[in-house]
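*Asks:*
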Amino acid sequence: MLNVNKPVEVAVIDEIQMVRDDQRGYSFTRALLGVPAEEVHLCGEPAAIEIIKKMLDPIGEHVEIINYDRKSPLKICDYALEDISNVQKGDAIICFSRKAIFYYAKKFRDMKIPAAIIYGKLPPKTKLAQAAKFNNPNDPTKVLLATDAIGMGINLNIGRVIFESLYKSVGGLIENYNALQIAGRAGRFGSIFEEGKVLTLKNKDLKSLKEILEKPIENISKAGIAPTFEQIETFSYHLPTATLTNILDIFTSICSVNDTYFLCDFESIRDLAKLINPINLPIGVKYVFCCSPLKVDTTLSSVSFVKIARKFSSNQPITYQWLCDLIKYPFQEIRTSNDIDILTEKYDLIILYLWLSYRFPEMFPDYLEVKELEREADRLIQNGISMLSS
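Using full-length UniProt numbering, the letters of the sequence shown map in sequence onto residues 1 to 390.
(1) Any idea what DSSP makes of I385, helix, strand or coil?
(2) For the beta strand (DSSP E) that contains E233, what are its first and last residues?
(3) Taking contact to mean 3 or more Cβ pairs, one atom from each stretch, closer than 8 Å, check whether the stretch 292 to 311 and the stretch 267 to 277 are in contact.
(4) Of the choices G151, P114, N155 and L356, whose alpha-carbon is the least far from that of N138?
(5) For A146 versus Y103, is the C-beta distance shorter than 9 Å?
(6) Beta-carbon within less than 8 Å of L199's beta-carbon, same chain only, minus the 5 sequence neighbours each way: which residues are those?
(7) Taking G224 as part of the beta strand (DSSP E), name the residues at either end of that continuous run.
(8) Would I247 and I232 qualify as a contact pair, given that the criterion is a beta-carbon distance under 9 Å?
(9) On the DSSP bridge assignment, give the partners of T200 in chain order.
(10) Return the chain-ordered list of same chain residues with a C-beta closer than 8 Å to the C-beta of L2, the five sequence neighbours on each side being excluded.
(11) Let me check understanding here. Comparing Cα to Cα, which of G187, P282, A131 and D83 lies closest to S314?
(12) How would you call P330, buried or exposed, if buried means at least 16 neighbouring beta carbons within 10 angstroms?
(13) Determine the closest residue to T241 out of N280, A377, A48 and F266, with distance taken between C-alpha atoms.
(14) Determine the burial state of P124: buried for a count of at least 16 other Cβ atoms within 10 Å of its Cβ, exposed for fewer.
(15) Which same chain residues, not among the five before or five after D21, have their C-beta less than 7 Å away from its C-beta?
(16) Would you decide whether residue 423 is buried or exposed? Buried here means 16 or more other CB atoms lie within 10 Å of its CB.
(17) Just to confirm, are I84 and I93 a CB contact at a threshold of 9 Å?
(18) Just to confirm, are A48 and V19 a CB contact at a threshold of 9 Å?
(19) Quick check: does the Cβ of F262 come within less than 8 Å of any heavy atom belonging to the ligand MG?
(20) Go ahead and pull the three-state DSSP assignment for N31.
(21) Which residue wins for smallest C-alpha separation from E61, given the options L380, H41 and I174?
(22) In whole angstroms, what is the alpha-carbon distance linking G284 and V143?
(23) To the nearest angstrom, how far is the alpha carbon of K127 from that of L239?
(24) Give the range of the alpha helix (DSSP H) segment to which L354 is assigned.
(25) Taking only runs of the alpha helix (DSSP H) that begin and end inside the stretch 277 to 339, which ones reach a length of at least 4 residues, in chain order?
(26) Does the beta-carbon of D348 have 16 or more other beta-carbons within 10 angstroms, so that it is buried, or is it exposed?
(27) Considering only their Cβ atoms, is the gap separating S337 from L388 smaller than 9 Å?
(28) Whose C-beta lies closer than 6 Å to the C-beta of A11 among residues of the same chain, with five residues either side of it excluded?
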């Protein structure tokens, strides 16, 4: 999360259109309005221009717009891939679930076609290692299997983007702005491909893909916002017996924002809050814990989150050795995709420790040792992904 107390000369905020996101929009809004920089450069979709002006005009900030055109053509193909045996060097098959990625990885492995794999829950260094393997013209890797995680932040030598499906695992049909961002990874200027192509795996999806990509992107009308730590803490003084979940619910029900903003979805924060409601911690501290990047979608993550909060409440520092016992270190060798899932869950808990150590360094004192643990988990995940995709 951005440090709004550290002045800088120039700040760059990429993907500023993410202010529209129901869950993460508030962090981009906070960065834009709170970064203590003399000059701020924003990168993103033209659809964000009007909302950015609307946010900055009232505080007297001048906005200069510079438009850039795509330097290489992007073609919507009138044919589908139909069969994965028709892949070419530089193809990226976009799936919307980890299960689908490993299904096709096994298919390619049986066909002796090396593949790279990138999806959201993988550590950043693992994603970069897989991208480097795919980008290397001397590497035998022919195809990339990825989720929409490739839409932001990774440079790839993709010739064709192939949608395995147009339906996300959560949220239904893919939005046009999301589809365009993913499709736009094909044939990027500076890659080895002079032209980008986008198509579907199945014939039945081809017409829908064309309709989605040809539909104009609407201007973003509102930016996401969420209460700060200080606001929640102040609000809690008036409700001394309320739990954090109660406070969030009441805050949401009575909060009003002007037509420039919308209140972001608190569901992920509420999921964490429900777990630690019974633990004796100040509301402000609980809120910080619940704003962490941890998703409690497994038994290990939810149970571990509670154990960490409970130890914190007893004023006992969470040490490297305690964390190792929690995640059952040393790590086991990876043999299956399920082993990768288990290790990525443990990796998420390591990241939680590092995230909390920035905010409570006295209670999470072993940053350097845990950072090395993160590196080891990352290396094992990299090796596991390579083994399952080669």
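In this text, a Cβ means the ideal position worked out from N, Cα and C, and glycines have one as well.
*Replies:* Inspection of the coordinates gives the following:
(1) Within the sequence shown, numbered from 1, the residue matching residue 385 stands at position 385. Helix.
(2) On the sequence shown, residue 233 is found 233 positions in, with the first residue counted as 1. Here E233 belongs to no beta strand (DSSP E); instead the alpha helix (DSSP H) covers F229 to Y237.
(3) Taking 8 Å as the limit for Cβ pairs, the verdict is that the stretch 267 to 277 does touch the stretch 292 to 311.
(4) Taking the sequence shown and counting its residues from 1, one reaches residue 138 at position 138. Considering only alpha carbons, the answer is P114.
(5) Working through the sequence shown from its first residue, we reach residue 146 at position 146. Working through the sequence shown from its first residue, we reach residue 103 at position 103. No, these two residues do not count as a Cβ contact at 9 Å.
(6) For this step, residue 199 is matched to residue 199 along the sequence shown. Cβ neighbours of L199 within its own chain (closer than 8 Å, five residues either side excluded): I76, C77, Y79, A80, L81, R160, V161, I162, F163, L206 and L209.
(7) For the purposes of this step, residue 224 is taken as the residue at position 224 of the sequence shown. Per DSSP, the continuous beta strand (DSSP E) segment holding G224 begins and ends at A223 to I225.
(8) Start at 1 with the first residue of the sequence shown, and residue 247 comes out as number 247. Start at 1 with the first residue of the sequence shown, and residue 232 comes out as number 232. Closer than 9 Å, so yes.
(9) Taking the first residue of the sequence shown as 1, we reach residue 200 at position 200. Note: T200 sits in a beta bridge opposite F163.
(10) By 1-based counting over the sequence shown, the position of residue 2 is 2. The residues are S27, R30, A31, G34 and V35.
(11) In the sequence shown, counting from the first residue as 1, residue 314 sits at position 314. With distances taken between CA atoms, S314 lies nearest to P282 out of G187, P282, A131 and D83.
(12) For the purposes of this step, residue 330 is taken as residue 330 along the sequence shown, with counting starting at 1. So P330 counts as exposed.
(13) By 1-based counting over the sequence shown, the position of residue 241 is 241. Residue N280 holds the alpha-carbon nearest to the alpha-carbon of T241 among N280, A377, A48 and F266.
(14) On the sequence shown, residue 124 is found 124 positions in, with the first residue counted as 1. P124 should be labelled exposed.
(15) As a working note, residue 21 is residue 21 in the sequence shown. Around D21, the same chain offers G224 as residues with beta carbons nearer than 7 Å, after the five sequence neighbours per side are excluded.
(16) The structure shown has nothing for residue 423, since the chain only spans 1 to 390.
(17) Here residue 84 is taken as the residue at index 84 of the sequence shown, counted from 1. Here residue 93 is taken as the residue at index 93 of the sequence shown, counted from 1. Yes.
(18) Your numbering for residue 48 matches position 48 in the sequence shown. Your numbering for residue 19 matches position 19 in the sequence shown. In this structure, V19 lies closer than 9 Å to A48 by Cβ.
(19) Among the components modelled here there is no ligand, and therefore nothing to report on the ligand MG.
(20) Walking along the sequence shown from the start, residue 31 turns up at place 31. The identity of residue 31 in the sequence shown is Ala, whereas the question assumes Asn. DSSP places A31 in helix when its eight states are reduced to three.
(21) As a first step, residue 61 is located in the sequence shown; it is residue number 61 there, counting from the start. Nearest option by C-alpha distance: H41.
(22) Residue 284 sits at position 284 when you count from the first residue of the sequence shown. Residue 143 sits at position 143 when you count from the first residue of the sequence shown. Near 47 Å, if we compare the C-alpha coordinates of V143 and G284.
(23) Walking along the sequence shown from the start, residue 127 turns up at place 127. Walking along the sequence shown from the start, residue 239 turns up at place 239. If you take the alpha carbons of K127 and L239, they lie about 45 Å apart.
(24) Numbered from its first residue, the sequence shown carries residue 354 at position 354. Where L354 is concerned, the enclosing alpha helix (DSSP H) stretches over S337 to R359.
(25) Whole alpha helix (DSSP H) segments, 4+ residues: 283 to 290, 299 to 313 and 320 to 326.
(26) Position 348 of the sequence shown, counting from 1, holds the residue named residue 348. Buried is the label assigned to D348, since at least 16 other Cβ atoms lie within 10 Å of its Cβ.
(27) Position 388 of the sequence shown, counting from 1, holds the residue named residue 388. Position 337 of the sequence shown, counting from 1, holds the residue named residue 337. Contact flag set, yes.
(28) The residue given as residue 11 occupies position 11 in the sequence shown. Counting only Cβ-Cβ distances below 6 Å, and skipping sequence neighbours, we find V35, A37 and V40.
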